[in-house]
Structures are given as structure tokens and as C-alpha cells.
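S.K.:
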Amino acid sequence: MKKIFVLLIGISMLFLTGCGRTSYDEISYSELQGLIHNKESFPLVIASATCSACNSYRPTLEKFIEKYNVDVKYIDLDKLTDKEESDLMNEFPITGTPTTIFVKNGEEKDTYNRIVGNKKFSQTEDAYRENGYID
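Here full-length UniProt numbering is used: the first residue of the sequence shown is 1, the next is one more, and so on.
Written as C-alpha cells, this is what we have:
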């Protein structure tokens with residue numbers, strides 16, 4: 001009887017804490033290349049741990065992910081080698097960080113739909129909605 005009670009409490013805790021996503025998926029450059037090679041679709045945030053705008057945007061991004069349970073890929077420029085950063089900039093030229101790029105079938109279709117800089121929650125929602133990641 002005690003085992004059943006403990007099991008029920010454990011299951012209840014799972015439901016109470018939820019299983020939703022609360023943060024972005026930080027990836028390496030080689031993981032990014034794999035996603036692109038496999039022609040996957042995903043939002044990619046290019047940022048830097050030492051960037052003040054990135055650090056200001058991070059709570060907005062995390063709140064957005066928690067609300068919509070969107071799988072957002074995140075790459076930290078500070079963790080890349082010089083060659084990886086150069087290759088990334090050749091593939092996705094950016095003017096600053098943070099920049100969100102919407103990759104569809106392994107490529108960016110247009111640059112006009114990016115999120116550049118520290119944006120408000122509503123602006124983030126609008127961009128993800130326009131790019132088909134939320135309804």
C-alpha cells in the first residue's frame with residue numbers, strides 16, 4: 001500500500017511540475033551543420049554570453065519558450081572557434097546579437113523576417129507567428 005501511495009505522489013508531481021520546455025536548446029556549430037544538412041526547420045538564436053542585449057533578451061526568450069513550448073536552437077558565439085564563427089557568419093551574415101534566424105528546410109529563405117536585438121515579448125510573438133512557429 002505504501003508503494004502505491006509513493007508511486008501516486010510521484011506521478012502527481014510530474015503533472016504538477018509539467019513537462020513543457022522552459023529554455024532554449026544550446027547547440028554546437030557541428031550540431032547546427034547537422035540540422036542544416038538534414039534540412040530541418042527551426043528558429044536559431046545567434047547570441048553571445050558577453051553581449052548585454054543578449055543577456056537582456058534571454059528572459060523574454062525563455063518566457064516565450066515556456067508559454068509556447070517552441071524548440072529554439074541557440075548558438076553562443078563565445079563558444080565557437082574563430083573558423084566556426086567565420087563559417088557561421090558566411091552562412092548567416094548578421095549585423096549584431098542577438099539575432100534570431102528562421103531556418104526552413106535547412107536554409108534561411110529571407111533575411112527580412114529576422115529578429116535583431118533585444119525585442120519585447122509581443123514583437124517576439126509576432127515574428128514567430130509570421131514565420132509559422134506559433135498560431
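Here a beta-carbon is modelled for each residue, glycine too, at the ideal position from N, C-alpha and C.
Compute the Euclidean distance between the alpha carbons of Leu80 and Tyr29, then round it to the nearest angstrom.
M.R.: Cα to Cα, the separation comes out at about 7 Å.
S.K.: Are Asp76 and Ala53 touching if we call contact CB-CB under 8 Å?
M.R.: In this structure, Ala53 does not lie closer than 8 Å to Asp76 by Cβ.
S.K.: Beta-carbon separation of Lys39 and Gly106 under 8 Å?
M.R.: Yes, the pair counts as a contact, with Cβ atoms nearer than the cut-off.
S.K.: Would you list the one or two residues that DSSP bridges to Lys67?
M.R.: Answer by DSSP bridge pairing: none, since Lys67 is not bridged.
S.K.: Taking only runs of the beta strand (DSSP E) that begin and end inside the region 80-114, which ones reach a length of at least 3 residues, in chain order?
M.R.: Runs of the beta strand (DSSP E) inside the region 80-114: 99-104.
S.K.: According to the neighbour-count rule (16 or more other Cβ atoms, all chains shown, within 10 Å of its Cβ), is Ala49 buried or exposed?
M.R.: That one is exposed.
S.K.: Per DSSP, Val72 forms a beta bridge with which residues?
M.R.: Answer is none; Val72 lacks a bridge partner.
S.K.: So is Phe121 buried or exposed if we call it buried at 16+ other beta carbons inside 10 Å?
M.R.: It counts as exposed.
S.K.: Sort out for me which residues DSSP pairs Glu26 with in a bridge.
M.R.: Glu26 is bridged to Tyr74.
S.K.: Could you tell me the boundaries of the beta strand (DSSP E) in which Ala47 lies?
M.R.: Counting along the chain, the beta strand (DSSP E) containing Ala47 begins and ends at 42-47.
S.K.: Kindly indicate which residue of Pro43, Glu84, Ala127 has the alpha-carbon position closest to the one of Glu108.
M.R.: It is Pro43.
S.K.: For Val70, which residues in the same chain have their Cβ closer than 8 Å to its Cβ, ignoring the five residues on either side in sequence?
M.R.: Result list for Val70: Arg21, Pro43, Phe64, Tyr128, Tyr133, Ile134, in chain order.
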